[in-house]
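Structure, as structure tokens:
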Amino acid sequence: MTDPSVPLEVTAVFTALADPRRREVLEAVASAGGITATAVAERLTITRQAVAKHLAVLTEAGLVTSSKRGREVQYEVTPAPLEQTAKWLQRQASAWDRQLEALKRRAERSIR
Amino acid sequence: MNAATTVPDTIEREITIAAPLEVVWPLVSEPGWWINEGEIREHSIEAIRDNVWKVSDVKHGDWLIEVVGSVEQESVSFRWLAGESDSVQPDQLRTLVEFTLQPVDGGTLVRVVESGFAVGTIDEKRRNTYDANAEGWEIELAAAKTHLEQ
């Protein structure tokens with residue numbers, strides 16, 4: 001059978017990514033490999049305050065980490081939570097594949 | 001190495017079954033038919049209230065399943081509710097599972113879409129169950145590459 005409920009870590013990732021702007025911020029951070037909130041704001045042409053809020057949510061979900069480089073705070077993507085989420089999705093998709101196969105066997109048996 | 005991590009907001013799978021709609025529909029529209037260990041088996045199914053059923057499986061126990069929407073021989077959607085067999089934490093999310101049937105050459109195409117992995121999205125989805133405009137998303141990051149370069 002399929003997993004009846006979503007693991008909390010997976011929910012945290014999906015909830016953080018449900019906002020399209022926030023996904024853009026994550027993608028900007030990912031493509032830069034170390035970037036400041038100001039640089040993200042310039043790239044996406046949104047306010048630094050909005051970027052800071054999105055980065056806080058992404059940090060909370062474990063998707064980005066920050067570190068101080070001199071006077072600047074640099075953000076980087078942490079791949080682990082996304083990878084875990086992708087793996088859970090794959091397992092759940094495989095469980096559905098097995099159930100659809102079972103449905104096929106059951107339906108095709110009944111018309112023979 | 002440049003392995004990408006892809007996270008879509010839904011799971012979508014499909015299969016073509018060499019049987020007509022009228023054979024597939026009763027199987028697909030039965031609440032909890034997917035609760036098993038690889039072969040579809042009989043469940044005792046009891047009505048609890050409007051659109052909510054208690055499905056009892058010999059091995060996996062009792063589950064509450066809501067029929068969210070149903071159009072005869074076309075589509076049906078279900079949602080798990082907190083049931084007696086649940087050992088999960090109360091704030092864990094339950095997803096929406098939609099099956100759609102389509103007659104094709106030589107049988108029936110069955111598609112399953114599971115959604116509602118984020119807080120707040122399930123009610124939105126339920127409102128739009130048959131709304132083709134409900135937009136999904138997919139995020140793809142070259143995670144392994146980033147990781148290895150560190």
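In order, the protein sequence lines correspond to chains C and A. The first sequence maps to residues 1 to 112 in the working numbering. The second sequence maps to residues 1 to 150 in the working numbering. Idealized CB from N, CA, C, for every residue including glycine. It should be emphasised that the depicted structure is a prediction, and the values quoted were computed from it without experimental measurement.
{"Check": "By how many angstroms is the C-alpha of C:Val10 removed from the C-alpha of C:Ile111?", "Outcome": "41 Å"}
{"Check": "Spatial neighbours of A:Val58 within its chain, please: C-beta separation below 8 Å, excluding the five flanking residues on both sides.", "Outcome": "Arg41"}
{"Check": "Shortest alpha-carbon distance to A:Ser77 belongs to which of A:Pro8, A:Asp9, A:Val112, A:Glu14?", "Outcome": "A:Val112"}
{"Check": "C:Thr36 and C:Glu72 - do their beta-carbons sit closer together than 8 Å?", "Outcome": "yes"}
{"Check": "Anyone know if the C-beta pair for C:Glu80 and A:Leu27 falls short of 8 Å?", "Outcome": "Residue identity check: residue 80 of chain C is Ala in the sequence provided, not Glu. Against a cut-off of 8 Å, the Cβ pair of A:Leu27 and C:Ala80 comes out as no contact."}
{"Check": "Using 8 Å as the cut-off, can you tell me whether the region 54-64 of chain C makes contact with the region 11-27 of chain C, which would need three or more C-beta pairs spanning the two stretches below that distance?", "Outcome": "yes"}
{"Check": "A:Thr129 to A:Val7, Cα distance in whole Å?", "Outcome": "The predicted model places A:Thr129 with a pLDDT of 49, which falls under 50 and marks its position as unreliable, so this point remains unresolved."}
{"Check": "Starting from C:Asp35, find everything on chain A with Cβ-Cβ shorter than 9 Å and list it in chain order.", "Outcome": "The amino acid occupying residue 35 of chain C in the given sequence is Ile; Asp does not appear at that position. Simply none; closest approach about 12 Å."}
{"Check": "I'd like the list of long-range same chain contacts for A:Leu81, defined as Cβ closer than 6 Å, with 5 residues on each side in sequence excluded.", "Outcome": "Leu64, Glu66"}
{"Check": "Please classify A:Thr37 as buried or exposed, where buried requires at least 16 neighbouring CB atoms within 10 angstroms.", "Outcome": "For clarity, residue 37 of chain A is Glu in the given sequence; the question names Thr instead. Classification of A:Glu37: exposed, given that the 10 Å Cβ count is below 16."}
{"Check": "For A:Ser75, which residues from the same chain have a beta carbon less than 8 Å from its beta carbon, with the 5 sequence-adjacent residues on both sides left out?", "Outcome": "Gly69, Glu98, Phe99, Thr100, Leu101, Tyr130"}
{"Check": "Just to confirm, are C:Trp96 and A:Glu114 a CB contact at a threshold of 8 Å?", "Outcome": "yes"}
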